[in-house]
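Q: In the UniProt record's numbering, the protein residues as written are 1 to 451.
Think of the CB as a built atom: it goes at the ideal place given N, C-alpha and C, for glycine as much as any other residue.
It should be emphasised that the depicted structure is a prediction, and the values quoted were computed from it without experimental measurement.
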């Protein structure tokens, strides 16, 4: 007998929910009475047995015997179908003797429950054995053992009740099946039974359901894995978006800083240029005033002698003015050069910003492409694996169907072989009968000719 329980064994021995839910069927109430007592009144030759009344006063000629509710457990094994199946039966019987039973067995009042167990154990075992052996068709393999357990419980309850014993029986059946070999499968005696085919059918159904459940669980795991992948991709996208926003914010901050620096330098340069222009204008006015004063003084003092010196001085002043103007033009050019550099830096910053945004867009596009490729690749792998499992499952089912058809053909061939042998023997017997009749006729003719 195989020690490892199959799916069929688990299904047949599953928890009997009818016992846990009494409302599912008619609940058997035996009517136990925990306070049941009988009183034996024996005074001289007078003997009387009666139930103890509520207001009972015990006398010296009274003996009180309790009739308690007791639990009785029985375990047995029944071998069925030429040893193919062994059913283990566990009975749990709560029983209590009635007053009628106690009255009929007054000699066993001291230990009446033991008397019941010893008297009816064989009967109960015979009931269980008869009910189990009456299931020759093996339909319980397809429907389960609950109905058979309930039937055994009812028969035991009714049988003991007819014997004036109140009881409530709980029956649990556990089947164990043998693994058949090819020789056992081709046995002519067992080939007439339908049990083996019922077992094959139920095992096939259980394997089919089990495979479907495994396939459903694998699909759920794949969906969960894809959801986890999708969550990871969304998280990566969120991180990329946060990083892109951070880079954009940093670039915007840098641009604003440069613009503020540019504005500050431009304002500073304008202020310096305005101050320098004012300074030059003031110095020029001072020099002109000095020159006019000196010229007026020279003209007043030496109009003719210093005419040449005055022209020279005027030329010098003009030359100094031009130098100052040239210096101012040079400073203006330097400012324009710096302004040009700031404009170039600003344009370069704008160009870097555009390039950075383009890189971010390219990174986003590449991430989307990679995500789509990963999703398509995983989807294709899942479809290929599911298709392979489906093909393997169909091939397995086809193989099982072919195996069953082959076994059926072998059984038919074996049966035809037995039939052919039987026909040959019948023909031989007919030939022998014919020869015996001819021999008897020849003997009679010989006897007649001798007479």
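Where do the ends of the beta strand (DSSP E) carrying residue 75 lie?
A: Per DSSP, residue 75 belongs to the beta strand (DSSP E) from 70–80.
Q: Identify which residue in 163, 82 and 245 has its Cα closest to the Cα of residue 119.
A: Selected option, being the one with the closest Cα: 163.
Q: Distance check for residue 317 and residue 357, CA to CA, integer angstroms please.
A: So the two alpha carbons sit approximately 59 angstroms from each other.
Q: Taking residue 45 as the reference, which of 51, 30 and 61 has the closest Cα?
A: Among 51, 30 and 61, the Cα nearest to that of residue 45 is on 61.
Q: Kindly indicate which residue of 218, 209 and 121 has the alpha-carbon position closest to the one of residue 72.
A: When each option's Cα is compared against that of residue 72, the closest is 121.
Q: I'd like the span of the beta strand (DSSP E) that includes residue 108, first residue to last.
A: Residue 108 -> no beta strand (DSSP E), and no H or E assigned at all.
Q: For residue 60, does the three-state DSSP call read helix, strand or coil?
A: Residue 60: coil per DSSP, three-state reduction.
Q: Can you list, in chain order, the residues of its chain whose CB lies under 8 angstroms from that of residue 364, leaving out five sequence neighbours each side?
A: The residues are 240 and 244.
Q: Looking at residue 349: is its Cβ nearer than 7 angstroms to the Cβ of residue 255?
A: The answer is yes: Cβ separation under 7 angstroms.
Q: Mapping DSSP to helix, strand and coil, what is residue 255?
A: Helix.
Q: Going straight from the alpha carbon of residue 315 to that of residue 291, what length do you get?
A: About 12 angstroms.
Q: To the nearest angstrom, how far is it from the Cα of residue 2 to the Cα of residue 70?
A: With a pLDDT of only 45 at residue 2, under the threshold of 50, the placement of this residue in the model should not be trusted; the figure read from the coordinates follows. Cα to Cα, residue 2 sits roughly 36 angstroms from residue 70.
Q: Note down the Cα distance separating residue 346 from residue 295, rounded to an integer number of angstroms.
A: Those two C-alpha atoms are separated by around 53 angstroms.
Q: Would DSSP call residue 338 helix, strand or coil?
A: Looking at residue 338 - three-state DSSP - the assignment turns out to be helix.
Q: Please report how far the alpha carbon of residue 149 lies from the alpha carbon of residue 101, in whole angstroms.
A: Those two C-alpha atoms are separated by around 27 angstroms.
Q: Does chain C have any CB closer than 7 angstroms to the CB of residue 314?
A: The chain labelled as chain C is not found in the depicted structure, where only one protein chain is given.
Q: Comparing alpha-carbon positions, which option in 145, 165, 214 and 413 lies nearest residue 390?
A: Checked all of 145, 165, 214 and 413; the closest Cα to residue 390 is 214.
Q: If I'm right that residue 156 touches residue 169 with Cβ under 8 angstroms, what's the distance once you round it to whole angstroms?
A: Yes, they are in contact, since the Cβ atoms of residue 156 and residue 169 sit about 4 angstroms apart, within 8 angstroms.
Q: Under the three-state reduction of DSSP, which class applies to residue 277: helix, strand or coil?
A: Reduced to three states, the DSSP call for residue 277 is helix.
Q: Let me know the secondary structure DSSP gives residue 168 once reduced to three states.
A: Residue 168: strand per DSSP, three-state reduction.
Q: Helix, strand or coil for residue 34 per DSSP?
A: Here residue 34 sits in coil by DSSP.
Q: Report yes or no: do the segment 101–112 and the segment 73–88 share at least 3 C-beta pairs separated by less than 8 angstroms?
A: As far as the Cβ criterion goes, the segment 101–112 does not touch the segment 73–88, which means the pair count is below three.
Q: Measuring alpha carbon to alpha carbon, tell me which residue in 30, 54 and 64 is nearest residue 42.
A: Of 30, 54 and 64, the residue nearest in Cα terms is 64.
Q: For the segment 319–336 against the segment 271–279, do three or more pairs of beta-carbon atoms, one drawn from each stretch, fall closer than 8 angstroms, so that the two count as touching?
A: Touching, per the Cβ criterion.
Q: On a CA-only basis, which of 279, 313 and 277 is nearest residue 293? Give me that one, please.
A: Cα-wise, what sits closest to residue 293 is 313.
Q: Quick check on the DSSP output: the beta strand (DSSP E) that includes residue 47 runs from which residue to which?
A: Unbroken beta strand (DSSP E) run through residue 47: 46–51.
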